[in-house]
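Contents: one structure, followed by commentary.
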Amino acid sequence: MSIRPWFLALLTMLVACSPNNDLQKIAVAAPSVTTAGEVLGGKWSEERSQQAHFFGIPFAAAPVGEGRFRPPADFIPRSGKQVQTEFGSACVQEQGNPEWYRSVARGVGAENAVIPDLENMSEDCLTLNIWTENLTGQEKWPVLVWIYGGSNRNGFSHEPNYLGDKVASKGVVYVSINYRVGPLGFMSHPALTAESPNQSSGNYGLLDQIKALQWVQDNITAFGGDPEAVTISGESAGAGNSANLIASPLAAGLFRGAILQSGGMRMSYAPNLAGNEIVGEALAEALEIDDNTDVAAQLRQVSALKLMQIQRQAISSYNDVVDDGWVLSTSARSTLESGEHNRVNVMTGSNAQEWLMYFPSTSGEEDYQQALETYGGHNAAAFRTLLDASELSTIEKRDLMLSGSSFHCVASKLAGDIKHHGNSAFVYRFTRVRPGAEALMAYHGAEIPYAFDTADDWLPVDTIDHKLTASMLDYWTNFVKTGSPNGGDLPEWPQYSRNTRAYLELGDEITAGADLDRKFCALMEATWRHKLETAKK
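Following the UniProt record's numbering, the numbering of the sequence shown begins with 1 at its first residue and continues without gaps.
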């Protein structure tokens, strides 16, 4: 494969000089690698001659039949060369993420950029994708593993925002993974717990992610990656899953860094196995499962689509990783506070108006007051005093209550714990409002196409966006390479600590600051503690 770059250049010159272009018929050999058990064939990028793509690689056995509602099993290697040039099926799910893309397109006036509903869905979905430009390099490159968001109900590894062409051009081997979502990924039930050797059920989606990271450890050297230099990254639920991986003893040693975008730990409550089992029993009842026969076997016989349909009709969606005493010894919040987590460097942050895109334009004073009471709890009056002293509109104050509780203060709390226990932590606040997005502002997910340079032709951009994208892509890949986002001519990004609350604003300009949300998050953390203490009584 080492002949690839100069052979292409020679071939191009020969074709240009040939009177009949017969040499255009010459085929360039497809990239090929040998992993721990298989020979995999990929394809070369059409835009970057040295970049190889390997898509839809199985990292675990299909979780079907007896494999449903169980941890992922080892994949049995296939004989012969396997062509891995097409993305695998998305895991069975709702249509939430395609609709999110469409809502963003509508919000920025690009309604022609319609992303269709998913059609290729299957329970046989545990695959990953790799972008690499280091198949022949002697020195192994650091690795970024992407975990998608979607409330643990939706998402797939090959969404437009997550394509890795630009990341892989920066000296990083990029991997995106699938994992089970919805009830197939997170359903608990006493019958499932009883048959488990670990006395656990649920958390299957998180176990899929751990399995994928183990596959990376075993195989990424074949693609030019360094298994000792793996960083995980995710947005929304993907960031929440990343926090749980930091906390999970089963993920120890599988990565050295984590980038958490708009997500993190549950703060005001701790999802547990017993509570999730109660929800599972309600779903089984709605499915008319007979309690007098093998409940687990019946649950495995229900069609995946029926399971999703009844779940939507009968109960709230499954989306929580639970404290089960195995995957998580205790809640991620408690684990990070005590310092019993996997020691990794962290980069985390949130967007200025995470929730605004989900509010109707008619949102007013009554909605604001409800947000104060729901998220401010016993400190609702204090939050009102603080927010009413600002210049924010009523709908922006409502957004701040939700965004602060769900994202802003979660990021700073996690970063503070990481730094307190001896690792590096970097916090950002994304504030850029792209052209045409004034109604959405800096919405949930807005930072992703900047960090990965995937806006392409479906989102409006101007010179500010191009400059910000170049900087963010460098910050992100610098962190993957060194554990720090700093380097080159980039504005200095200060480390976060509980005392300084230092951060980097990523907006029309890139500027460092301090005292990020100090008063607001002090109130929010006190509210979380009160809710947790009240729940124990």
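Heads up, the beta-carbon is just placed ideally off N, CA and C, and yes, glycines get one too. Nothing here was measured: the structure is a model prediction, and the numbers come from that model.
Meets three-Cβ-pair contact criterion under 8 Å: the stretch 356-368 and the stretch 261-277
no
Please go through the stretch 458-511 and give each complete alpha helix (DSSP H) segment of 4 or more residues, from N-terminal end onward.
463-482
So which of 95, 102, 198 and 314 has the shortest CA-CA distance to residue 279?
For this step, residue 279 is matched to residue 279 along the sequence shown. Checking every option, the nearest Cα to that of residue 279 belongs to 314.
Going by beta-carbon coordinates alone, are residue 82 and residue 133 separated by less than 8 Å?
By one-based count along the sequence shown, residue 82 stands at place 82. By one-based count along the sequence shown, residue 133 stands at place 133. In this structure, residue 133 does not lie closer than 8 Å to residue 82 by Cβ.
Ranges of the beta strand (DSSP E) found wholly within the stretch 129-177, counting only runs of at least 3:
141-147 and 173-177
Got a sec, what are the start and stop residues for the beta strand (DSSP E) residue 308 sits in?
Position 308 of the sequence shown, counted from the start, is the residue given in the question as residue 308. Taken as a continuous stretch (DSSP letters only), residue 308 belongs to no beta strand (DSSP E), being part of the alpha helix (DSSP H) at 304-314.
Please look up how many angstroms separate the CB atoms of residue 35 and residue 219, rounded, as I've assumed it's under 8 Å.
Locating residue 35 in the sequence shown gives position 35, counting from the first residue. Locating residue 219 in the sequence shown gives position 219, counting from the first residue. Rounded, the Cβ-Cβ distance is 4 Å, consistent with contact.
Is it buried or exposed, residue 381, if we count other Cβ atoms within 10 angstroms and call 16 or more buried?
Along the sequence shown, read from residue 1 onward, the residue named residue 381 stands at position 381. Residue 381 is exposed by the Cβ-count criterion.
Buried or exposed, going by whether 16 or more other CB atoms sit within 10 Å of the CB of residue 21?
Indexing the sequence shown from 1 puts residue 21 at position 21. Because the pLDDT of residue 21 is 46, which lies under 50, any placement of that residue in the model is unreliable, and the number read from its coordinates should be weighed accordingly. Exposed, because fewer than 16 other Cβ atoms sit within 10 Å of the Cβ of residue 21.
Where residue 354 and residue 514 are concerned, what is the direct C-alpha to C-alpha distance, given to the nearest angstrom?
As a working mapping, residue 354 is identified with position 354 in the sequence shown. As a working mapping, residue 514 is identified with position 514 in the sequence shown. So the alpha carbons of these two residues sit roughly 21 Å apart.
Any idea what DSSP makes of residue 378, helix, strand or coil?
Taking the first residue of the sequence shown as position 1, residue 378 is located at position 378. The answer is helix: DSSP assigns residue 378 an H, G or I state.
Ignore the nearest five residues each way along the sequence and tell me which others in residue 101's own chain have a CB closer than 6 Å to its CB.
By 1-based counting over the sequence shown, the position of residue 101 is 101. For residue 101, where only same-chain residues beyond five positions count, the Cβ hits under 6 Å are 115.
Enclosing beta strand (DSSP E) for residue 259 [first to last residue]
Taking the sequence shown and counting its residues from 1, the one referred to as residue 259 is at position 259. 257-261 is the span of the beta strand (DSSP E), which, as asked, contains residue 259.
Is residue 286 buried or exposed, if buried means 16 or more other CB atoms sit within 10 Å of its CB?
Indexing the sequence shown from 1 puts residue 286 at position 286. With fewer than 16 Cβ atoms within 10 Å of its Cβ, residue 286 is classed as exposed.
Looking only at its own chain, which residues have a Cβ that is under 7 Å from the Cβ of residue 459, when we skip the five neighbours before and after it?
Locating residue 459 in the sequence shown gives position 459, counting from the first residue. Result list for residue 459: 108, 110, 434 and 449, in chain order.
Residue 121 bridges to which residues according to DSSP?
As a working note, residue 121 is residue 121 in the sequence shown. For residue 121, which the question treats as bridged, DSSP gives the partners 90.
For residue 235, which beta-bridge partners are listed by DSSP?
Taking the sequence shown and counting its residues from 1, the one referred to as residue 235 is at position 235. Residue 235 pairs with 261.
So, under 8 Å CB-CB, residue 308 and residue 94 are touching, yes? Tell me the CB distance rounded to an integer number of Å.
As a working mapping, residue 308 is identified with position 308 in the sequence shown. As a working mapping, residue 94 is identified with position 94 in the sequence shown. Indeed they touch by this definition, with Cβ atoms about 7 Å apart.
Do you know whose CA, among 445, 452 and 333, lies nearest residue 321's CA?
Translated into the one-based positions of the sequence shown, residue 321 becomes position 321. Looking at the Cα atoms, 333 is the closest of the given residues.
Quick check: the Cα distance between residue 485 and residue 234, rounded to an integer number of angstroms?
Translated into the one-based positions of the sequence shown, residue 485 becomes position 485. Translated into the one-based positions of the sequence shown, residue 234 becomes position 234. Each residue's alpha carbon lies about 16 Å from the other.
Which full runs of the alpha helix (DSSP H) of 4+ residues lie inside the stretch 65-111, going along the chain?
96-107
Give, in chain order, every unbroken run of the alpha helix (DSSP H) that is at least 4 residues long and sits entirely within the stretch 327-405.
332-338, 365-376, 380-388 and 394-403
Quick check: what's the CA-CA separation for residue 53 versus residue 283?
As a position in the sequence shown, residue 53 is number 53, starting the count at 1. As a position in the sequence shown, residue 283 is number 283, starting the count at 1. Rounded to the nearest angstrom, the two C-alpha atoms are 41 Å apart.
Spatial distance of residue 412 from residue 429 (CA atoms):
Your numbering for residue 412 matches position 412 in the sequence shown. Your numbering for residue 429 matches position 429 in the sequence shown. So the two alpha carbons sit approximately 10 Å from each other.
Per DSSP, which one or two residues make a beta bridge with residue 428?
What you label residue 428 is simply residue 428 of the sequence shown in a count that begins at 1. DSSP lists 349 and 504 as partners of residue 428.
Taking 7 Å as the limit between beta carbons, can you name the residues of its chain near residue 490, skipping five residues before and five after?
Here residue 490 refers to the residue found at position 490 of the sequence shown. Hits under 7 Å: 471, 474 and 475.
Between which residues of its own chain and residue 77 is the CB-CB distance below 6 Å, once the five residues before and five after are set aside?
Locating residue 77 in the sequence shown gives position 77, where the first residue counts as 1. Closer than 6 Å at the Cβ level, and outside the excluded window around residue 77, lie 37 and 38.
What's the call for residue 205, buried or exposed, on a 16-neighbour Cβ count within 10 Å?
Locating residue 205 in the sequence shown gives position 205, counting from the first residue. The residue in question, residue 205, is buried, as its Cβ has 16 or more Cβ neighbours within 10 Å.
Cα-Cα separation, residue 248 to residue 213
As a position in the sequence shown, residue 248 is number 248, starting the count at 1. As a position in the sequence shown, residue 213 is number 213, starting the count at 1. In a straight line, the C-alpha of residue 248 is about 13 Å away from that of residue 213.
Around the C-beta of residue 99, are 16 or more other C-beta atoms found within 10 angstroms, so that it is buried, or is it exposed?
Position 99 of the sequence shown, counted from the start, is the residue given in the question as residue 99. Flag for residue 99 reads exposed.
Alpha-carbon spacing of residue 461 relative to residue 130, whole angstroms:
For the purposes of this step, residue 461 is taken as the residue at position 461 of the sequence shown. For the purposes of this step, residue 130 is taken as the residue at position 130 of the sequence shown. When rounded, the distance between both Cα atoms is 27 Å.
Taking the CB atoms as reference points, tell me whether residue 427 and residue 330 lie closer together than 8 Å.
Translated into positions along the sequence shown, residue 427 becomes position 427. Translated into positions along the sequence shown, residue 330 becomes position 330. It is not a contact, given that the beta carbons lie outside the stated cut-off.
With which residues is residue 52 paired in a DSSP beta bridge?
Numbered from 1 along the sequence shown, position 52 holds the residue referred to as residue 52. Residue 52 pairs with 44 and 132.
Closer than 8 Å is the cut-off here; do at least three beta carbon pairs connect the stretch 496-506 with the stretch 291-311?
no
Looking only at DSSP bridge pairs, what is residue 39 linked to?
As a first step, residue 39 is located in the sequence shown; it is residue number 39 there, counting from the start. Paired residue(s): 34 and 81.
At which residues does the alpha helix (DSSP H) containing residue 286 begin and terminate?
Here the question's residue 286 lines up with position 286 in the sequence shown. Residues 273-286.
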